[in-house]
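One structure is given here, and the rest of the page talks about it.
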Amino acid sequence: MIGRTVRGWTREDLAARAARELRDGFYVNLGIGIPTLVSNFISPDIDVTLQSENGMIGLGPYPLEDRVDPDIINAGKETVSELTRTSYVSSADSFGMIRGGHIDVSVLGAMEVAEDGNLANWMVPGRMVKGPGGAMDLVAGVRRIIVLMDHVAKDGTPKFRKTCSLPLTGRNVVDMLITNLAVFERADRQSPFVLKELAPGVSREDVRACTEAAYGEA
Amino acid sequence: MIGRTVRGWTREDLAARAARELRDGFYVNLGIGIPTLVSNFISPDIDVTLQSENGMIGLGPYPLEDRVDPDIINAGKETVSELTRTSYVSSADSFGMIRGGHIDVSVLGAMEVAEDGNLANWMVPGRMVKGPGGAMDLVAGVRRIIVLMDHVAKDGTPKFRKTCSLPLTGRNVVDMLITNLAVFERADRQSPFVLKELAPGVSREDVRACTEAAYGEA
Amino acid sequence: MAEKIFDDARSALAGLLFDGMTIAAGGFGLCGIPETLIDALVEAGVGNLTIISNNAGVDNFGLGKLLRTHQVKKMISSYVGENREFERQYLAGELEIEFCPQGTLAERIRAGGAGIPGFYTRTGVGTLIAEGKELKEFEGESFVLERGLVADLAIVKARRGDRYGNLQFHKSARNFNPMVATCGRATVAEVEELVPDGWFDPDAVHTPGVFVQRLILATSNEKRIERRTVRQEEA
Amino acid sequence: MAEKIFDDARSALAGLLFDGMTIAAGGFGLCGIPETLIDALVEAGVGNLTIISNNAGVDNFGLGKLLRTHQVKKMISSYVGENREFERQYLAGELEIEFCPQGTLAERIRAGGAGIPGFYTRTGVGTLIAEGKELKEFEGESFVLERGLVADLAIVKARRGDRYGNLQFHKSARNFNPMVATCGRATVAEVEELVPDGWFDPDAVHTPGVFVQRLILATSNEKRIERRTVRQEEA
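Residue numbers (the numbering used here), protein chains in the order written: chain A, 1 to 218; chain B, 1001 to 1218; chain C, 2001 to 2235; chain D, 3001 to 3235.
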């Protein structure tokens, strides 16, 4: 735990940082919550197509008030709008896309990430379980998984851990971890995570102090 | 073998007899050759939808000369026409329909049928094999399989046999067999075939004489 | 011709319902759900149901209505948030749930409709979801065997339908509906609009009529929105 | 934006070809085959190919052109009649063939594209097709394990396409094309017509652009008919 109060990056900063990972021509699936904000920070110099697992490919921004259509929603059940590229498929075809490795990047939230790339984001034993939704499919199928999360829990417990304490969403699936304090990445799924960037005002020691996972230093 | 020449039913008769098995509302797949003729004999009192495994549901008759479209063909690669009910699906979806038991009847040709319902209609060892096409999928998935074939081969060898001598298309898949001499049917796939009808001028003894398979008499 | 169009939901369901049956329902959240047919199931009072549906509706809408009346014994779903009555019944042991990752659920329903009893997927390997299921290696990687799902009855919502049972869905209301339509021993569709013969472009039919035994004009098209999000007119 | 539209077939295939590669091609018989791209493969001379395609064309048309030039090592197909050169090469031991029932082939291609390494089917159980393959019982019935197929390159023919790679097929020329488009590590489409942005009804796109990396305007649309059958005007 860090003695002094270190805030690091805001939610918007996390989203903006994740957006920098996107490349021209990418097909991208954004999870619910902070990951949804990523779409606000995509560079105008690149063209990215957003996919939503309920079967919409080519998500536009939230609709104007008078254009809301209850039949046009994203996987977070939010009303969205269409683009000229938009198409719809069934859920089976949508997850065929995901499972078959046709989506380049998924940005997801997490409760815990482990140093071996394990991810937990769907249940807390003892609490009512709402179900995995599409998260297990996304981490199993999308080519690159970027996780956005707070570096520590509200009680200060590290969330980037040696092993996940919570039931897993997927094993060895995380490629990049962006927390409010730092960015960790690994070359491939056989490699360890390496600390790549620090939030302003955050030192390597700060990060080390509130991380349980082993990681390399760039 | 029958000593005197017994012709029995013609190709058209076989097709007409098979057509009598169709019921109002049925979805039907017709194989290449004589089975294709069945469509000419469907009673005007019933409504039957023809399905073709290349993804056309609701096949119309051959087109008028000036309406031929190379993109509208049946599984026999013949040009056909559309109806108001027609729709197209992919081959995967078309065979999903077939394999999933959504087609009521398929009428197919055969080289051999065995008394246990085995069917051989795709290869003759020593001859060039052209491949199973969709026949194996049809016999495995369609609810009821009606076979049309000559009762004996050109050399007089019985084609309704104890066991098939040729490589199988499917095991225990034939529900009804219509030959130029007789009609055989069975109550279900645990039951033996029973001789149900004789072609004009054909006796029970004639049929017995040129059949190797065991079957019951109605 | 065998008539597929029925006068109302009650008559369309007549003879198809029995206690303890399995019903698959289309829809994602409250989007593309067969509202009219769900109401008719509540009215029919058929009980002890196993429901295959991605979600469980909300407290007073969608499949939540069937939960409120205690008609449901078990749900096979990927996500059941937004439903307090569900939570209460589950915690009280009155309701069973089989969780299934969303893509696996979609594929299981498709497989059931397509005569595929099982398939292998990477999804869920190494998690609670794979516990008790067979694993198999393909090229050195582990996959879990998931089973096809069939239902005694499938209910779907479509934008348009014709008397042959051909259906067209609307935008993201398509979601689970096309697969669900294939997995029922009987399938009943409700449509927002009945169109005349030949109205459909044959290339633009989503569900061919072969999958639909009965259909009705939907009388409930409330289409409640779960999260109304809007933007302001750009300057 | 990353440009998907290429000037011609040769440039669209540039960098994607290598000897010994696996190529999946859409089409049923001569219907819906990527004529332009097949010609470009002949021209490119890439050899030792494994071709996944329901059929093998005819002697001088379709995939038959690649057989004539001895570019094909192996075919994975359901039916290869109507091709004498095929027969000659096969009998001479110059060509391998893996026969696959048509529905199984369609499903294997779909599975490959959808990340499913294997599935069970009743098709072919108890026949030569199932020999050497794993069997498994589900509810007392035997099913055979069939494997998903992926290709280094997938080539498809569509009626229309836009610059995002969205495709629409035409009538029964759809056939294997939608699945083939999903199973390629790279997918190149040829279209009869390039349509402007927003031309497609989003509900009527058959293959979303995510599956298509490159596309060209087809220059060969001969669409040879195998069996021209017609009826006379009714009296």
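Just so it is clear, CB atoms sit at the ideal spot from N, CA and C, and this is done for glycine as well.
Keep in mind the model is a prediction, meaning the values are calculated, not measured.
| Query | Result |
| --- | --- |
| Same chain only: Cβ atoms within 6 Å of N1180(B), ignoring 5 sequence neighbours per side | G1008, W1009, D1150, H1151 |
| Range covered by the beta strand (DSSP E) that runs through Q1051(B) | 1049-1052 |
| Beta-carbon contacts of T1086(B) that lie in its chain and below 8 Å, excluding the five residues immediately before and after | M1056, I1057, G1058, L1059, G1060 |
| Own chain residues within Cβ distance below 8 Å of D1137(B), not counting five before or after | E1053, F1095, I1098, R1099 |
| Close Cβ partners of G2093(C) (< 7 Å) along its chain, the five nearest in sequence each way excluded | none |
| Straight-line gap, N2083(C) to I2155(C) (C-alpha atoms, nearest Å) | 21 Å |
| 8 Å Cβ cutoff, D1175(B) in contact with chain C | no |
| Any alpha helix (DSSP H) of 4 or more consecutive residues that is wholly inside the stretch 3180-3206 of chain D | none |
| Residues near S1106(B) by beta carbon distance below 6 Å, same chain, minus five either side | N1029, L1138, V1142, I1145 |
| Sequence-distant residues of its chain with Cβ nearer than 8 Å to Q3102(D) (five each side left out) | N3054, S3078, Y3079 |
| Rounded separation between G3184(D) and A3151(D) - CA only | 5 Å |
| Contact list for V2241(C) against chain B, beta-carbon separation under 9 Å | Given that chain C is displayed from residue 2001 to residue 2235, the structure contains no residue 2241(C) and the question cannot be resolved. |
| Beta-carbon proximity check, K77(A) vs E115(A), cutoff 8 Å | no |
| Beta-carbon contacts of G2047(C) that lie in its chain and below 7 Å, excluding the five residues immediately before and after | D2019, Q2071 |
| Cα-Cα separation, T1157(B) to C1210(B) | 8 Å |
| Below-8 Å beta-carbon distance, R3010(D) vs any chain C residue | no |
| Sheet register partners of P158(A) (DSSP bridge) | V152(A) |
| Partners in chain C for P3202(D), counting only beta-carbon separations shorter than 9 Å | K2171 |
| Chain-ordered chain C contacts of R1189(B) [CB-CB under 9 Å] | The premise fails here: R1189(B) is roughly 16 Å from chain C at the closest Cβ pair, so nothing lies under 9 Å. |
| Cut-off 7 Å between Cβ atoms - residues of its own chain near G1131(B), not counting five sequence neighbours on either side | none |
| Chain C contact residues for G1141(B), given Cβ-Cβ distances below 7 Å | G2115 |
| Limits of the unbroken beta strand (DSSP E) element including A3025(D) | 3022-3025 |
| Best match in R3231(D), V3230(D), L3049(D), R3224(D) for proximity to G3062(D) [C-alpha to C-alpha] | R3224(D) |
| Chain-ordered chain C contacts of P61(A) [CB-CB under 9 Å] | R2231 |
| One or two residues paired with V1147(B) in a DSSP bridge | L1108(B), L1177(B) |
| Rounded distance between the beta-carbons of M2179(C) and I2109(C), thought under 8 Å | 4 Å |
| For K2171(C), the three-state DSSP class (helix, strand or coil) | helix |
| Limits of the unbroken beta strand (DSSP E) element including S3142(D) | 3141-3147 |
| Three-state secondary structure (DSSP) of D1066(B) | helix |
| Sequence-distant residues of the same chain with beta carbon closer than 6 Å to L2067(C), five excluded per side | E2085, F2086 |
| Which of helix, strand or coil DSSP assigns to V1113(B) | strand |
| Nearest to K1957(C) (by Cα), restricted to the options G2113(C), G2032(C), I2023(C) | Nothing in the structure corresponds to residue 1957(C), since chain C is present only between 2001 and 2235. |
| Span separating the alpha-carbon of P2208(C) from that of D2201(C) | 12 Å |
| Any chain A beta carbon closer than 8 Å to Y3120(D) | no |
| Buried or exposed (CB count within 10 angstroms, at least 16 for buried), G1170(B) | buried |
| Length of the line joining the Cα atoms of R2159(C) and L2167(C) | 8 Å |
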